[in-house]
Every structure is written in C-alpha cells, then in structure tokens.
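A.B. asks: At position 245 of the sequence shown (counting the first as 1) the number is 244 in numbering that gives the first Met the number 0, and the numbers step up by one without a gap.
Ideal Cβ placement from N, Cα and C applies to all residues, glycine included.
Okay, here's the structure, questions in a sec.
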Amino acid sequence: MELGIVGLPKSGKTTLFNSLTKGRAKIHAFGPTALEPNVGVAKVPDSRLDGLQAILNPRRIVPAEVKYVDVTITRENRDDLGSDLRGYLRTVDAFIHVVRDFADETIPHIKGSVDPVRDIIALNTELALSDLAILERRLTRINDSLKGAKQQERDSLLREQTLLSRIKPVLENEIPIREQSITKEEARILDNYQFLTSKPILVLLNIGEAKLPHAASLEEALRPRYPQLKVAAVCAKLEMELTQLGDADAAEFRAALGMVEGVIDRIIRLSYEVLGLLSFFSIASGEIRAWTVTKGTPAHKAAGSIHSDMERGFIRAEVISYSDLVTSGSLREACNKGHLRLEGKNYTVQDGDVITFLFSV
C-alpha cells in the first residue's frame, strides 16, 4: 500500500510524515524548496501477529508495510500541483490530504487565514483540473486517430471516447471520478490514465493540542459537507514528539489526553477502510507474514501477492481463521475441531485468514 501525503505548504504534511514513519525529514517552516518527495515505510500495527506468535512460536514474524510519499510543493506562493508533482501522485493508491486547522503566528498560513473548507476545495479543484487536462488531450488524440482507424481499432476508440465524454462534464461540475457511476470494464480503461480524482482521499485535520478535546466534533462538522470522504483530526506536532518516547510512555501520554489510538494506528485503519483492504497471514518455513489485499480477492490472486509462481502453480489453500485458531489454543487442536479447511483458487480470502498455500511450478 502506497499513500501520498498532500496539502498546502505549512499545513504540517512533513510533520505528519515524520509521525507516521518515525522519520527525521526536514520541516520547512517557511515553505519547502526541494522537489524530490520524502519517502518512508512504516510497519502496519496488528495485534493478531502477537497472538499468532504466542500460539505458533514461529522463527520470524513479518508485519505488512505501508509506504508514505510526502509530496513537496516547490514554491511558497504556489498551491497548485504542477506537472512535476502529478507524476509522483499518479502511482499512489490513495491520498492523505493534510488540512491546516491550527493557529501559529510564527508560521503564517500562505492564504492569510486558517480555513479548512477553503483548503479542501482548493486541492479538490487542482486534482480535477489535472484530470480534465488529461481528458481533453486524450479526446483530441482519439478524434485524430479515428480518421484513419480500422474497424476493430475504431470500435475500441469509440468506446473510450464515449466513456471519457461522459465523465468529463460531470468532473467539470466538481464530482470526482471516484464518485461517478463506473462499471468494472470502464474502470479498467480508466486505470490506464491513473486519474487523481479516482483515488480515495482521507482528509486529515491537523489541529493544535488545545483542540484535541474537540477533535470528534471537528470531524463531525466536516462529514456532512464531504460524506464520501474519511475525515480524521490529529495533532501532528504532538504525534511527532511522541515518536521520541518509548511505546509504553507514548501510550500513557495519549491515555492522559483521552486519545484512544495513535496516529499510525488510526491512519492505517482508515486507509484500509477507504481502499477496501484486508490482511491475511501466510505460514511458510517457520515464518508468519502479514499481507494486504483488496476485499474480494480470490485465493490464487492472494497467493500471487506473495509470489507470481504461487499464483501460476496454485493447487489449494489450507485455511483457518485467526479467531478459530486463537479459540482452539493450538494448530493441532484447531485441526482436531475441524477448523482447518482446504479451499480452491476461487475461495474469497477473509480478513484474518491464516493460510498455507500449496503450489507446484
């Protein structure tokens, strides 16, 4: 999973990036100048791995990972994305839009005032304009290509033209592609363009520490306006400071402030929700590893997420749910109770499945 962190300069993007990755990326208090994004990887917290370790005593435990890309805007007075930045954003699976909702006289807002709704609209507009530019160029090329196209190519071009001509006016009316009615076949066509407004967005309100007691009400105030988006309020500065503490001390500090979970846990949980993801666990050679796949993934495709040979030579999957394994207390007892199942390639993998894939190549 790869998540792009976007937002205006001085919104706290890089502070959030450091919180999530426990990194030390330089924070530009007066606007960034670097073009290359900050890139970091974080382990996906999953308490079920601890449960599996206690029961199965594996040689090694490997959590799933998430990659964060902190996209930097090149000039302080620029709030558009620019072609150089769009290239980075097209490869990510979803966006975390960091929206400033804190006051700090030493770090003035580039637009002169703090207004989360205005800033959300500004980014949504930029994403839409970026996609519209690509749509218009492609439609022009299709018109040119139709002039000399043979029948088979012509039919394909006409289908694409019809689709792009349908979504373009809707996008012009500020309805992103992800909220439009798109069939699976149409989605495969659109995947070639990696449209930015087709990607899920998590809106993250970056609030000051004084607003933490009101975080839930701030989230609720935005949700009616953006019912299709996930919204979360966090204090990125505080979370970055807590990464300097041990896990136990950080948890105690959060508890004292009434914070139910840390930013890493919350962002990853919400990211899984917006992307429709789940985790399963593989057992092989004394190693338990967590993997992330889309909900609805069949067993042979889940095997392919581990290695293409496993998908190509898939025979069957030995599956037991995490809850059945934990309740049984041991793998042997779970087998005795009939919880271990043999599943074919079309079995739909469920969240928490513990799987051993059998294959031959």
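Beta carbon of M239, beta carbon of T90: below 9 Å?
C.D. replies: Looking up residue 239 in the sequence shown gives position 240. Looking up residue 90 in the sequence shown gives position 91. Not closer than 9 Å, so no.
A.B. asks: Quick check: the Cα distance between S18 and L244, rounded to an integer number of angstroms?
C.D. replies: As a position in the sequence shown, residue 18 is number 19, starting the count at 1. As a position in the sequence shown, residue 244 is number 245, starting the count at 1. Each residue's Cα considered, the two are about 12 Å apart.
A.B. asks: Is V68 closer than 9 Å to V38 when the C-beta atoms are compared?
C.D. replies: Taking the first residue of the sequence shown as 1, we reach residue 38 at position 39. Taking the first residue of the sequence shown as 1, we reach residue 68 at position 69. The answer is yes: Cβ separation under 9 Å.
A.B. asks: What's the call for I263, buried or exposed, on a 16-neighbour Cβ count within 10 Å?
C.D. replies: Against the sequence shown, residue 263 aligns to sequence position 264. When all chains shown are included, I263 counts as buried.
A.B. asks: Does DSSP put E104 in a helix, a strand or coil?
C.D. replies: In the sequence shown, the residue the question calls residue 104 occupies position 105. Secondary structure at E104: coil, using DSSP grouped into helix, strand and coil.
A.B. asks: Counting beta carbon pairs with one atom in the region 166 to 182 and one in the region 101 to 118, are three or more of them shorter than 8 Å?
C.D. replies: no
A.B. asks: Just to confirm before moving on: does the CB-CB distance between R340 and V325 stay below 9 Å?
C.D. replies: For the purposes of this step, residue 340 is taken as the residue at position 341 of the sequence shown. For the purposes of this step, residue 325 is taken as the residue at position 326 of the sequence shown. Contact flag unset, no.
A.B. asks: Name the DSSP bridge partner or partners of S281?
C.D. replies: Walking along the sequence shown from the start, residue 281 turns up at place 282. Paired residues: R288 and I354.
A.B. asks: Would you check if the region 179 to 197 and the region 123 to 143 touch, i.e. whether three or more CB-CB distances between them fall below 8 Å?
C.D. replies: yes
A.B. asks: Check whether the region 329 to 340 touches the region 258 to 277, counting contact only when three or more Cβ pairs, one atom from each stretch, lie closer than 8 Å.
C.D. replies: No, the region 329 to 340 is not in contact with the region 258 to 277.
A.B. asks: Please state the DSSP three-state secondary structure of P226.
C.D. replies: Within the sequence shown, numbered from 1, the residue matching residue 226 stands at position 227. The answer is coil: DSSP assigns P226 none of H, G, I, E or B.
A.B. asks: Let me check understanding here. Comparing Cα to Cα, which of G312, L48, V65 and H306 lies closest to R58?
C.D. replies: As a first step, residue 58 is located in the sequence shown; it is residue number 59 there, counting from the start. Among G312, L48, V65 and H306, the Cα nearest to that of R58 belongs to L48.
A.B. asks: Exposed or buried, which one is R99 when buried takes at least 16 other CB atoms within 10 Å?
C.D. replies: To locate residue 99, count along the sequence shown from 1; it is residue 100. Buried, because 16 or more other Cβ atoms sit within 10 Å of the Cβ of R99.
A.B. asks: Tell me, please, which residues DSSP counts as bridged to L201.
C.D. replies: Translated into positions along the sequence shown, residue 201 becomes position 202. Paired residues: I95 and K229.
A.B. asks: Short of 8 Å in beta carbon distance, which residues of its chain neighbour D373, apart from the five on each side in sequence? Order them along the chain.
C.D. replies: Nothing about residue 373 can be reported from this structure: the residues present for the chain run from 0 to 360 only.
A.B. asks: Can you say whether H96 is buried or exposed, counting buried as having 16 or more other CB atoms within 10 angstroms of its CB?
C.D. replies: Here the question's residue 96 lines up with position 97 in the sequence shown. Per the 10 Å Cβ criterion, buried.
A.B. asks: Report the rounded CA-to-CA distance for I354 versus S281, giving the unit in angstroms.
C.D. replies: For the purposes of this step, residue 354 is taken as residue 355 along the sequence shown, with counting starting at 1. For the purposes of this step, residue 281 is taken as residue 282 along the sequence shown, with counting starting at 1. So the two alpha carbons sit approximately 5 Å from each other.
A.B. asks: Rounded to the nearest angstrom, how far is the Cβ of K42 from that of M0, given a contact under 8 Å?
C.D. replies: On the sequence shown, residue 42 is found 43 positions in, with the first residue counted as 1. On the sequence shown, residue 0 is found 1 positions in, with the first residue counted as 1. In fact, because the Cβ distance is near 12 Å, the residues do not count as touching under 8 Å.
A.B. asks: According to DSSP, is F16 part of a helix, a strand, or is it coil?
C.D. replies: The count along the sequence shown starts at 1 and reaches residue 16 at position 17. Helix at F16.
A.B. asks: Looking only at its own chain, which residues have a Cβ that is under 8 Å from the Cβ of K336, when we skip the five neighbours before and after it?
C.D. replies: Position 337 of the sequence shown, counted from the start, is the residue given in the question as residue 336. Cβ neighbours of K336 beyond the five flanking positions: D323 and S327.
A.B. asks: Which residue wins for smallest C-alpha separation from K198, given the options L217, H213 and L228?
C.D. replies: Position 199 of the sequence shown, counted from the start, is the residue given in the question as residue 198. Comparing Cα-Cα distances from K198 to each of L217, H213 and L228, the minimum goes to L228.
A.B. asks: When you compare only the Cα positions, how much space is there between V360 and G343?
C.D. replies: Sequence index remark: in the sequence shown, residue 360 carries index 361 (1-based). Sequence index remark: in the sequence shown, residue 343 carries index 344 (1-based). V360 and G343: Cα-Cα distance of roughly 17 Å.
A.B. asks: Evaluate P297 with the Cβ neighbour count: other Cβ atoms within 10 Å of its Cβ, from every protein chain shown; 16 or more gives buried, anything less gives exposed.
C.D. replies: Along the sequence shown, one-based indexing puts residue 297 at 298. Flag for P297 reads buried.
A.B. asks: Would you tell me roughly how many angstroms separate the C-alpha atoms of G261 and D352, rounded to the nearest one?
C.D. replies: Stepping through the sequence shown from its first residue, residue 261 is reached at position 262. Stepping through the sequence shown from its first residue, residue 352 is reached at position 353. Looking at the two C-alpha atoms, the distance is approximately 26 Å.
A.B. asks: Under three-state DSSP, which class holds G364?
C.D. replies: Given a span of 0 to 360 for the chain in the structure shown, any question on residue 364 remains unanswerable.
A.B. asks: Quick check: what's the CA-CA separation for L237 versus P226?
C.D. replies: Here residue 237 corresponds to residue number 238 of the sequence shown, with the count starting at 1. Here residue 226 corresponds to residue number 227 of the sequence shown, with the count starting at 1. If I take the Cα positions, the gap works out to 28 Å.
A.B. asks: Hey, quick one: how far does the alpha helix (DSSP H) through I65 stretch, first residue to last?
C.D. replies: Along the sequence shown, one-based indexing puts residue 65 at 66. Checking the sequence shown, residue 65 turns out to be Val, not Ile. Careful: V65 lies outside any alpha helix (DSSP H), inside the beta strand (DSSP E) at E64 to D69.
A.B. asks: How would you write the range of the beta strand (DSSP E) that E135 sits in, first residue to last?
C.D. replies: Taking the sequence shown and counting its residues from 1, one reaches residue 135 at position 136. Here E135 belongs to no beta strand (DSSP E); instead the alpha helix (DSSP H) covers P115 to L145.
A.B. asks: Give the DSSP bridge partners of P297, in chain order.
C.D. replies: For the purposes of this step, residue 297 is identified with residue 298 of the sequence shown, where counting begins at 1. Beta-bridge pairing by DSSP links P297 to T347.
A.B. asks: Is the beta carbon of L221 closer than 9 Å to that of V116?
C.D. replies: The residue labelled residue 116 in the question sits at position 117 within the sequence shown. The residue labelled residue 221 in the question sits at position 222 within the sequence shown. Remark: C-beta atoms of V116 and L221 approach each other more closely than 9 Å.
A.B. asks: From which residue to which residue does the beta strand (DSSP E) around I314 run?
C.D. replies: Against the sequence shown, residue 314 aligns to sequence position 315. Segment F313 to S320, the beta strand (DSSP E) holding I314.
A.B. asks: Could you tell me the boundaries of the alpha helix (DSSP H) in which L339 lies?
C.D. replies: Counted from its first residue, the sequence shown places residue 339 at position 340. From DSSP, L339 is part of no alpha helix (DSSP H); its letter is neither H nor E.
A.B. asks: Determine the closest residue to F101 out of N142, E208 and A148, with distance taken between C-alpha atoms.
C.D. replies: Residue 101 sits at position 102 when you count from the first residue of the sequence shown. When only C-alpha atoms are compared, the closest one is E208.
A.B. asks: Taking the DSSP output, what are the residues bridged to V169?
C.D. replies: Start at 1 with the first residue of the sequence shown, and residue 169 comes out as number 170. According to DSSP, V169 bridges with nothing at all.
A.B. asks: Where Q160 and M258 are concerned, what is the direct C-alpha to C-alpha distance, given to the nearest angstrom?
C.D. replies: Sequence index remark: in the sequence shown, residue 160 carries index 161 (1-based). Sequence index remark: in the sequence shown, residue 258 carries index 259 (1-based). Near 50 Å, if we compare the C-alpha coordinates of M258 and Q160.
A.B. asks: Please report how far the alpha carbon of L7 lies from the alpha carbon of K146, in whole angstroms.
C.D. replies: The sequence position of residue 7 within the sequence shown is 8, counting from 1. The sequence position of residue 146 within the sequence shown is 147, counting from 1. Cα to Cα, L7 sits roughly 44 Å from K146.
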